[in-house]
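Note that our numbering has the sequence shown beginning at 123, numbered continuously upward. First up is the structure itself, then whatever we jot down about it.
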Amino acid sequence: MRREILVASLLILALMAAPAGAFSANNLVIVVEEDGGAEITFNYTLSWIETIAVFLKITDPEQELKSALENELGVPVTVASAESDTAAFSVQEFAEIADADDGKVYSTPGLDFTGAQEILDGYWFAPLIETDFSPALTVVRFPDGHEETFSDQSAIPPLSHTVP
Numbered sequence: 123m124r125r126e127i128l129v130a131s132l133l134i135l136a137l138m139a140a141p142a143g144a145f146s147a148n149n150l151v152i153v154v155e156e157d158g159g160a161e162i163t164f165n166y167t168l169s170w171i172e173t174i175a176v177f178l179k180i181t182d183p184e185q186e187l188k189s190a191l192e193n194e195l196g197v198p199v200t201v202a203s204a205e206s207d208t209a210a211f212s213v214q215e216f217a218e219i220a221d222a223d224d225g226k227v228y229s230t231p232g233l234d235f236t237g238a239q240e241i242l243d244g245y246w247f248a249p250l251i252e253t254d255f256s257p258a259l260t261v262v263r264f265p266d267g268h269e270e271t272f273s274d275q276s277a278i279p280p281l282s283h284t285v286p
């Protein structure tokens, strides 16, 4: 018991004395599938504080990202895989598909990453870290290979693309 108190005290002192850590969104890749589903891969960098929080099971980045995506999209999201700096998700009903004279029109929803900040603010360590939820690069790839890219955007607009 004394050892646990000592470890907890040292951790608190280290957190108070250390400079703020940072969470950085590196890349977001959304691959829209022919059936309107999507595979979403999110690469990020965790600060040392967040790494400790994950190790101690205080937070779970892939579950937090899953919840943020479900709230934003309004459909179920499945965690396909997760590592220390990458999480991949599967979304069955991501894009709407409409028939057109020249092919099929895929319409994707807009995404706003600022909601992730609200989730993070609920954690005790939130004041200790700086966050950047704007991916350095966001790529939306349609079934025909056409890509839309965005740099350092905290939100991406709804997109439409016709696949012949």
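Beta carbons are placed, not taken as given, at the ideal position from N, Cα and C, and that holds for glycine. Quantities reported herein were computed from a predicted structural model and do not represent experimental measurements.
- request: Go ahead and label Val197 buried or exposed: buried means 16 or more other beta carbons lie within 10 angstroms of its beta carbon, across all protein chains shown.
  value: exposed
Local conformation of Ala258 per DSSP, three classes: coil
- prompt: What are the start and end residues of each continuous alpha helix (DSSP H) run of 4 or more residues lying completely inside the region 149-234, in chain order?
  reply: 170-177, 183-195
task: Return the chain-ordered list of same chain residues with a C-beta closer than 6 Å to the C-beta of Ala220, the five sequence neighbours on each side being excluded.
output: Val227
query: What is the residue span of the beta strand (DSSP E) that Thr294 lies within?
result: The question about residue 294 has no answer, for the chain in this structure spans 123 to 286.
- prompt: What residues in its chain sit with their C-beta under 7 Å from that of Ser203, if we drop five residues either side in the sequence?
  reply: Ala210
message: If distances are taken between C-alpha atoms only, which option among Gly244, Phe164, Asp254 comes closest to Thr288?
response: The shown model of the chain, from 123 to 286, leaves out residue 288, and the question about it has no answer.
- request: Consult DSSP for Gly143 and reduce its assignment to one of helix, strand or coil.
  value: No answer about Gly143 holds up, because its pLDDT of 48 lies below 50 and its placement is not dependable.
query: When DSSP builds the beta bridges, which residues end up paired with Thr284?
result: Val227
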